[in-house]
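Using the UniProt record's numbering, the first residue of the sequence shown is number 1, and each one after it goes up by one.
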Amino acid sequence: MGTYQDAYRHSLADPDGFWLDAAGAIDWITPPTRALDDSSAPLYRWFPDGELNTCHNALDRHVDGGRAEQPALVYDSPVTGTKASFTYRELRDEVARFAGVLAGLGVGKGDRVIVYMPMVPRAVVAMLACARLGAVHSVVFGGFAPRELASRVEDAKPKVIVCASCGIEPTRIVEYKPIIEEALGATTHQPDAVVVLQREQARATLGERDVDWDEALAGAEPVGCVPVAATDPLYILYTSGTTGRPKGVVRDNGGHAVALAWSLPNVYDIHPGEVFWTASDVGWVVGHSYIVYAPLLVGATTVLYEGKPVGTPDAGAFWRVISEHGAKALFTAPTAFRAIKRVDPDAAELAKYDLSGFRTLFLAGERLDPETYHWAGEKLGVPVVDHWWQTETGWPICANLRGLEPMPIKPGSPSVPVPGYDVRILDPDGEEVPRGQEGAIAIALPLPPGTLPTLWGDDDRYVESYLSRYPGYYLTGDGGYVDEDGYVFVMGRTDDVINVAGHRLSTGSMEAVLAAHPAVAECAVIGVRDSLKGQLPRGFVVLKAGVSITEDTLREELVAAVRREIGPVAAFRDVSVVDGLPKTRSGKILRKTMRGIADGRDEPVPSTIEDPAVLDALRSVLRAD
């Protein structure tokens with residue numbers, strides 16, 4: 001591990017030198033002379049005297065540098081039967097013209113633009129056009145409820161909203177314009193204009209302040225890139241599941257560009273000219289970082305997929321996209337592979353496609369259970385790389401760095417801290433615990449470039465939310481441990497640790513046991529209130545397609561497995577078979593919502609939910625008890 005260890009030690013011992021070297025991969029208008037500004041600690045800034053433009057780095061420099069005719073963006077939409085490819089020149093030209101549209105509507109440096117769109121190329125165009133102008137985009141997942149959209153409008157105060165007329169789900173069409181109108185009817189802040197991309201599946205009726213995308217683009221003049229300070233904001237991304245005033249994670253321009261340009265070759269082993277597919281959504285941080293920005297910053301080709309892992313049309317959808325577009329690597333959430341495994345447990349669809357050029361599968365967003373890890377590895381025959389990061393960090397905290405130094409993979413671990421992240425395991429008093437002992441996962445300050453410098457408009461809230469629990473550290477909110485080899489094991493959110501008769505137990509450990517059963521496709525364990533023991537674990541499992549086992553037999557086997565692997569102290573006796581688990585659109589299981597229902601609270605349907613009917617069915621199961 002010499003190469004990794006050298007890089008990791010260098011990043012912590014000399015962050016200025018390490019990150020100034022990495023900054024050499026970026027085109028600067030004014031090159032930075034120093035990397036870290038710690039004068040306002042704990043509010044750190046990166047490359048404080050540098051100037052650049054992120055859109056220039058993502059598009060223009062590649063057009064000028066010989067990649068003008070290389071595909072930059074490949075669009076694949078099984079829900080509409082549409083495919084398209086945009087070269088770097090074509091994408092640059094459309095972005096420059098749409099930046100002209102925004103400029104004509106009064107958008108300038110520092111102004112905010114909310115982008116409320118599905119997975120279509122013009123969503124990427126809108127984001128990059130904002131970056132071109134030095135404006136700040138805030139992408140809100142298309143289809144979010146009016147109340148959630150309204151709270152983001154009120155907080156970001158956008159000059160313009162850019163939207164599509166509709167989004168397309170496998171079983172329905174969601175019209176966006178009525179949602180926007182309802183949201184704006186509930187806000188004091190009003191945008192100057194709403195730019196609408198009309199989709200044929202459901203065209204929107206336009207009002208006085210509405211602008212038709214195609215008509216505006218036809219008459220627009222292209223504009224150039226506006227220089228911005230490295231510390232100026234590039235975007236705001238609101239974390240999911242917030243209540244009251246939303247929490248807007250800020251991403252700067254300079255640190256973001258440097259970190260992502262470093263991460264794609266070093267973490268993901270993707271290089272200029274290669275095809276990288278991230279099966280996520282531009283509404284999430286994964287989509288921001290690894291659909292839009294990182295691939296374009298390094299001159300790779302990115303795939304934009306408007307579809308699902310199953311049902312559009314079948315469980316072979318992912319294999320088709322990898323084969324057809326020549327993706328070297330896929331990055332998605334474990335829940336996507338659990339869905340594929342559930343419908344096609346033998347991966348029969350895989351035999352239809354040539355994946356000989358496929359190198360690596362990257363999974364993140366949910367804890368990767370060993371069963372899914374083994375299934376994916378056996379079926380695909382390539383390394384399956386778990387890695388761990390957050391909306392707030394913007395790029396991986398822990399990973400198996402495939403481009404720097406691939407190392408042995410340990411199922412259940414996202415491997416080791418990425419250079420720049422000083423990961424520690426702390427006890428409730430803020431003291432480091434011995435290796436192998438669980439505690440709160442924290443990161444010693446300063447966080448590396450590309451991570452959040454603050455929350456939008458509220459430095460105090462940033463400090464209170466993330467930096468106050470353990471002074472000198474960023475609190476991840478996750479619990480886990482580091483083993484004797486330095487591998488990090490993330491066992492779940494700290495509020496997923498339950499207290500059973502005085503014993504602190506990780507629900508993540510129990511989930512790993514349930515997931516190992518050959519009949520189980522996916523599972524969740526939550527802690528529910530108990531008058532005697534304080535809390536008791538409750539399990540929910542979804543079965544693989546075609547399995548034949550009675551619920552009583554399965555329950556007996558799962559209870560015995562937890563007793564054997566974790567011990568009688570877990571007091572695990574309650575497990576139910578359900579048709580599905582409630583999840584966000586990004587694939588996270590809504591465990592907090594499930595706990596609230598189990599404890600008798602009237603939990604609202606979260607705005608981020610993928611399928612409300614799944615949550616309704618689970619309510620029925622819990623209430624029946």
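Glycine included, each C-beta is placed from N, C-alpha and C at the ideal position.
Check, Outcome
"Which residue marks the beginning of the beta strand (DSSP E) containing residue 478, and which one marks its end?", "473-482"
"Please determine, among 474, 433, 429, the residue with the shortest C-alpha to C-alpha distance to residue 446.", "474"
"Locate the alpha helix (DSSP H) running through residue 88, then write down its first and last residues.", "88-104"
"Buried or exposed for residue 243, please, with buried defined as at least 16 other CB atoms from any protein chain shown within 10 angstroms of its CB.", "With a pLDDT of only 45 at residue 243, under the threshold of 50, the placement of this residue in the model should not be trusted; the figure read from the coordinates follows. Its Cβ having fewer than 16 others within 10 Å, residue 243 is exposed."
"Check whether the Cβ atoms of residue 592 and residue 455 lie closer than 7 Å to each other.", "no"
"Any chance you could list the beta strand (DSSP E) runs of at least 3 consecutive residues sitting entirely within the segment 350-411, in chain order?", "360-363, 384-386"
"Just the Cα atoms here: how many angstroms apart are residue 241 and residue 144?", "Any reading at residue 241 must be qualified, since the residue scores a pLDDT of 41, below 50, and its modelled position is unreliable; no value is offered."
"Mind reading off the beta-carbon distance from residue 416 to residue 397? Whole number of angstroms is fine, and I expect it under 8 Å.", "With 8 Å as the limit, residue 416 and residue 397 do not qualify as a contact, their Cβ atoms being about 10 Å apart."
"Determine the contact status of residue 26 and residue 258, defining contact as a CB-CB distance below 7 Å.", "yes"
"For the beta strand (DSSP E) that contains residue 315, what are its first and last residues?", "Note, residue 315: premise wrong, no beta strand (DSSP E); not H, not E."
"From the DSSP output, in three-state form, read off residue 294 for me.", "helix"
"The beta strand (DSSP E) with residue 596 in it runs from where to where?", "No beta strand (DSSP E) holds residue 596; the alpha helix (DSSP H) holding it covers 591-598."
"I'd like to confirm the pairing. Which residues does DSSP put opposite residue 432 in its beta bridges?", "426"
"With distances taken Cα to Cα, identify the nearest neighbour of residue 537 among 368, 575, 390, 267.", "575"
"Taking residue 184 and residue 196 to be in contact with their CB atoms under 8 Å, please state how far apart those CB atoms are, rounded to whole angstroms.", "So it is not a contact: roughly 13 Å between Cβ atoms."
"Which residues bound the alpha helix (DSSP H) around residue 337?", "334-343"
"Between the beta-carbon of residue 140 and the beta-carbon of residue 126, is there less than 7 Å?", "no"
"To the nearest angstrom, how far is it from the Cα of residue 264 to the Cα of residue 360?", "13 Å"
"Do residue 437 and residue 470 come within 7 Å of each other at the CB atom, strictly closer than that value?", "no"
"Short check: CB of residue 311 to CB of residue 170, under 7 Å?", "yes"
"Go ahead and label residue 306 buried or exposed: buried means 16 or more other beta carbons lie within 10 angstroms of its beta carbon, across all protein chains shown.", "buried"
"Look at the alpha carbon of residue 256 and the alpha carbon of residue 568, and state the distance between them as a whole number of angstroms.", "47 Å"
"Going by DSSP, name the residue or residues bridged to residue 512.", "For residue 512, which the question treats as bridged, DSSP gives no partner whatsoever."
"Could you tell me which whole beta strand (DSSP E) segments of length 3 or greater appear in the segment 216-253?", "233-238, 248-252"
"Taking the alpha-carbon of residue 131 as reference, which of 610, 187, 232, 508 has the nearest alpha-carbon?", "232"
"In chain order, what residues of the same chain have a beta carbon less than 7 Å from the beta carbon of residue 296, not counting five sequence neighbours either side?", "58, 59, 72, 302"
"Rounded to whole angstroms, what's the CA-CA distance from residue 1 to residue 407? Just pull it up for me.", "With a pLDDT of 47 at residue 1, under the threshold of 50, the predicted position of this residue should be treated as unreliable, and no value is reported."
"Give me the residue from 320, 215, 389 with the minimum Cα distance to residue 333.", "389"
"Note the first and the last residue of the continuous alpha helix (DSSP H) segment covering residue 442.", "Run containing residue 442: none in the alpha helix (DSSP H); it sits in the beta strand (DSSP E), 439-444."
"So what does DSSP say about residue 119, is it helix, strand or coil?", "coil"
"Taking the beta strand (DSSP E) that residue 303 falls in, what are its first and last residues?", "301-305"
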